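In what follows, a single structure is set out as structure tokens and then discussed.
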Amino acid sequence: YPYPVETAPGDTLPFPDDASWAAYQEGGGTLDRDDWRRANVDAFIERLYDAVKAAKPWVK
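For the sequence shown, our numbering begins at 72 and goes up steadily by one.
Following this line, the structure appears as structure tokens:
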């Protein structure tokens with residue numbers, strides 16, 4: 072991740088996922104935050120792959 076982003080010298084912008092992280096934890100999630108973020112990226116890539124294959128099966 073490119074976060075935290077330095078917006079000014081000594082001032083940083085954290086990764087903006089606090090609300091979804093809290094919802095995950097409240098829902099009984101068991102992964103730590105870093106693993107949860109990686110799992111979200113993995114799920115996104117899998118959905119993207121499936122969508123591309125459904126639209127254009129010849130694409131590798």
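Ideal Cβ positions, reconstructed from N, Cα and C, are used throughout, including at glycine. Since this is a predicted model, take the numbers as computed values, not measurements.
Locate the alpha helix (DSSP H) running through Val112, then write down its first and last residues.
-> Arg104 to Ala126
Tell me whether the beta-carbon of Phe86 lies closer than 8 angstroms to the beta-carbon of Tyr95.
-> no
What is the DSSP secondary structure of Asp82, counted as helix, strand or coil?
-> strand
Cβ shell of Glu77 (< 7 angstroms), same chain only, five flanking positions each side left out | Thr83
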